[in-house]
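In our numbering, the protein residues as written are 461 to 611.
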Amino acid sequence: MKHILTEAGYLLSNAFEKFNSQKVLHPFLTSFDHDNKKRVESFQDISYEISIPRAIRSFENNSHNAKAAIVIYPAEIEEKGERKPLLILMLKDYTTNDYLTIGQHYEIRQGYYIPTIYELLDYSYSLANDLHDLEKAFCLGAENFNTSMAL
């Protein structure tokens, strides 16, 4: 699961880069086959009401017969009666059925989407003892993206 979380951190940073350059982020699914080959599928429809459920269905049904997958899509969450934007990351290791759902909050400052806090929304209880190490792997992936962008 650490490898998947490292990749998720990298993909999240990449998603913010796309969000900032294109001002829109289409839901996308990254899956890993049994040979660790990566496949990325973007879900571009007329609206998020169509594309987000398609991306989630593909993730839940394991449409690509993958070993693991990550789906990322924009969403909103209601906090204290106010709707706030965030990106949702859903990760699953299909071989063990372990899963995590992360909400990455963000703000818009001077026209740029800036990530703020992230929170763990749901997870497999079998991962409870490993959450600290998994968080480190997630952050490492984000740092790897930021380092590669600085070069």
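For every residue, glycine included, the Cβ atom is placed at its ideal position computed from N, Cα and C.
Item                                                                                                                        : Value
As assigned by DSSP and simplified to three states, the class of Asp-582                                                    : strand
Cut-off 7 Å between Cβ atoms - residues of its own chain near Phe-476, not counting five sequence neighbours on either side : Tyr-573, Pro-575
Neighbour-count burial assignment, Lys-527, 16 or more Cβ in a 10 Å radius                                                  : buried
Entirely enclosed beta strand (DSSP E) segments - the region 478 to 502, minimum 3 residues                                 : 488 to 492, 498 to 502
Pick from Asp-493, Ala-535, Val-500 that is closest to Ser-507, judged by C-alpha positions                                 : Ala-535
Paired residues, beta bridge with Met-550 - DSSP                                                                            : Val-531, Thr-561
Simplified DSSP assignment, three categories, for Asn-474                                                                   : helix
Same chain, Cβ closer than 8 Å to Leu-600, neighbours up to 5 away in sequence not counted                                  : Thr-466, Gly-469
Selection from His-463, Glu-538, Pro-487, Asp-493 that minimises the alpha carbon distance to Leu-549                       : Pro-487
Counted within 10 angstroms of its Cβ, other Cβ atoms place Ile-512 as buried (16 or more) or exposed                       : buried
Ile-516 to Gln-570 span [Cα, whole Å]                                                                                       : 31 Å
Distance, Tyr-559 Cα to Ser-473 Cα                                                                                          : 20 Å
Inter-residue CB distance, Ile-532 and Leu-547 (contact presumed, cutoff 8 Å)                                               : 6 Å
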